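Have a look at the structure below, then the notes.
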Ligand code: F0G
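In our numbering, the protein residues as written are 131 to 589.
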């Protein structure tokens, strides 16, 4: 028989998990005001809230934690990290930061001013936040197909080049750079093809602008190029990564995802002027240039993590686990953003809880039901997260209403995937009995989903 696919690692250290009863979860959820961010991690059996900073480091990374060098200036670990990033991406200049949003803050402080427009493919919340905070506009140029969850496209996270070119033709002087997010988290962890990256480069060159890659999950993107795009099957992940970055001018990185570390980020670029500009903001916001927001030991572990994750067996193990979970959902007929992306399953709540009106937040209701069912914590990426319109103060019901179940890297086994799938199946099977959702009893003006207080509607 064919030898089945299995993990390219074995487990050396474990963290015991506490299982709970439904009665306990009912109480904890009530105490948390029906907001899953309000739960303590011990109240969660399988945590799918995020894949950010939740992965397991390897023995080589832990060894690097011991050899990392804690110097305020000139740490050898910084130079190891800089060498690794340079080798993988071709970027000469590196500024470490404490996480991805800090990289955005430092770089955008230099590049973005009031009135600017930054086109891109589904800017991540913090990216958008850092643009809007500077009174500039984040212009979404994602392909329309990304909004149809049931459409199967190999590269559903791409930039729509017609939309991008229109923006540049009309406003080139207001566009300091284009941002391309690889993979596209907001659209469901969907990848961007090499062809699309090349096309975006050609448009940028035509109008004389530059390109930043928001790179949190760049290795996942490279894996999809290898497995889905013609001409890349025989290339190594490292070769694909190198070609991807040949089309960019710089990158912002949240190392908490594809860097395989629990905290960290960086900016890297090929341009001295961007480096010189960003440097001025690194020192007051983050720290001296050779540590930014990081410890020496963490930079050392990150250098190893970047190298390790750009090896096929590491990234393949990760993506295949996400695909394993997706295959279970297919078996049970549960609708999600198709095809499954790199880091998570995004269940389409509007197609599951069809009895619940949008005013009662179907995705949030679904996330609560799955937690109650088996202690699995997902995250609403829907109408609550969308906040209210800043002018009309009405809820924004225009987008998708999804529940994201992220898979932490190297943390859970496929048995855990079976539990997530079974929890979803049980809720899915009784979906017609779930008739009422939740109502908001307290909220903040911006990013309300983190702290919103909810009540279940029972009558
Ligand atoms: N860019 C993307 C595409 C992201 O997904 C994130 C974070 C960031 C930037 C910001 O990085 O958290 O290190 O400051 N995403 C996490 C998530 C929080 O759950 O998707 P950060």
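Glycine included, every Cβ here is placed at the ideal spot set by N, Cα and C. Bear in mind that the values here come from a model prediction, so they are computed numbers and not experimental data.
Start and end residues, beta strand (DSSP E) containing residue i
i, result
"residue 384", "380-384"
"residue 227", "223-227"
"residue 340", "340-344"
"residue 268", "267-270"
"residue 250", "247-250"
"residue 474", "474-478"
"residue 590", "Given that the chain is displayed from residue 131 to residue 589, the structure contains no residue 590 and the question cannot be resolved."
"residue 372", "Looking at the DSSP string, residue 372 is not in any beta strand (DSSP E); the run it does join, the alpha helix (DSSP H), is 367-376."
"residue 516", "Looking at the DSSP string, residue 516 is not in any beta strand (DSSP E), and its letter there is neither H nor E."
"residue 569", "568-572"
"residue 307", "307-311"
Residue-chain proximity (residue i, chain D), Cβ-Cβ < 8 Å
i, result
"residue 533", "The question asks about chain D, but that chain is absent: this structure has only one protein chain."
Exposed unless 16 or more other CB atoms sit within 10 angstroms - verdict on residue i
i, result
"residue 190", "exposed"
"residue 435", "buried"
"residue 133", "exposed"
"residue 571", "exposed"
"residue 333", "buried"
"residue 349", "buried"
"residue 591", "No information on residue 591 is available, as it lies outside the stretch 131 to 589 that the chain covers here."
"residue 387", "buried"
"residue 148", "exposed"
"residue 324", "buried"
"residue 545", "exposed"
"residue 462", "exposed"
"residue 363", "exposed"
"residue 243", "exposed"
"residue 480", "buried"
"residue 232", "buried"
"residue 212", "buried"
"residue 256", "buried"
"residue 139", "exposed"
"residue 171", "exposed"
"residue 177", "buried"
"residue 527", "exposed"
"residue 580", "exposed"
"residue 142", "exposed"
Whole-angstrom C-beta distance between residue j and residue i, which should lie under 8 Å
i, j, result
"residue 186", "residue 410", "That pair is no contact at about 37 Å."
"residue 566", "residue 537", "That belief does not hold up - the Cβ atoms of residue 566 and residue 537 are roughly 30 Å apart, past 8 Å."
"residue 236", "residue 412", "5 Å"
"residue 475", "residue 459", "6 Å"
"residue 470", "residue 482", "That pair is no contact at about 16 Å."
"residue 505", "residue 150", "5 Å"
"residue 500", "residue 557", "6 Å"
"residue 511", "residue 532", "5 Å"
"residue 382", "residue 397", "6 Å"
"residue 158", "residue 173", "5 Å"
"residue 454", "residue 223", "Actually they do not touch by this definition, with Cβ atoms about 39 Å apart."
"residue 342", "residue 297", "Not a contact, Cβ separation roughly 15 Å."
Span of the alpha helix (DSSP H), counted from its first residue to its last, around residue i
i, result
"residue 555", "544-559"
"residue 427", "426-439"
"residue 241", "230-241"
"residue 500", "492-504"
"residue 357", "348-358"
"residue 322", "Neither: residue 322 is in no alpha helix (DSSP H) and is coded neither H nor E."
"residue 197", "189-197"
"residue 300", "291-301"
"residue 536", "It is not in any alpha helix (DSSP H) - residue 536 instead sits in the beta strand (DSSP E) that spans 532-536."
"residue 449", "442-462"
"residue 157", "152-161"
"residue 178", "Residue 178 -> no alpha helix (DSSP H), and no H or E assigned at all."
"residue 206", "206-219"
"residue 262", "255-263"
Inspect the CB distances between the stretch 361-375 and the stretch 159-170 and report whether three or more fall short of 8 Å. Contact fails: fewer than three Cβ-Cβ distances are below 8 Å.
Near the ligand F0G, which residues have their beta-carbon less than 6 Å from any of its heavy atoms, given in chain order? Spelled out in chain order, the answer is 180, 182, 229, 230, 231, 254, 256, 257, 311, 315, 344, 346, 384, 386 and 395.
On the three-pair Cβ rule with 8 Å, is the stretch 278-286 touching the stretch 349-362? Judged by Cβ distances under 8 Å, the stretch 278-286 makes contact with the stretch 349-362, as three or more pairs qualify.
Taking contact to mean at least 3 C-beta pairs separated by less than 8 Å, is the stretch 241-249 in contact with the stretch 259-274? Contact between the stretch 241-249 and the stretch 259-274 is present: three or more C-beta pairs spanning the two stretches fall below 8 Å.
If we count Cβ pairs, one from each stretch, closer than 8 Å, do we get three or more for the stretch 424-436 versus the stretch 213-229? Contact between the stretch 424-436 and the stretch 213-229 is present, because at least three Cβ pairs lie under 8 Å.
Would the stretch 299-308 count as touching the stretch 477-489 if we require 3 or more Cβ pairs under 8 Å? In short, these stretches do not touch, since the Cβ pair count stays below three.
Are there three or more Cβ pairs, one per stretch, closer than 8 Å when the stretch 171-188 is compared with the stretch 385-399? Contact between the stretch 171-188 and the stretch 385-399 is present: three or more C-beta pairs spanning the two stretches fall below 8 Å.
Inter-stretch contact at 8 Å, needing at least 3 Cβ pairs: the stretch 437-453 / the stretch 255-262: Contact between the stretch 437-453 and the stretch 255-262 is absent, because fewer than three Cβ pairs lie under 8 Å.
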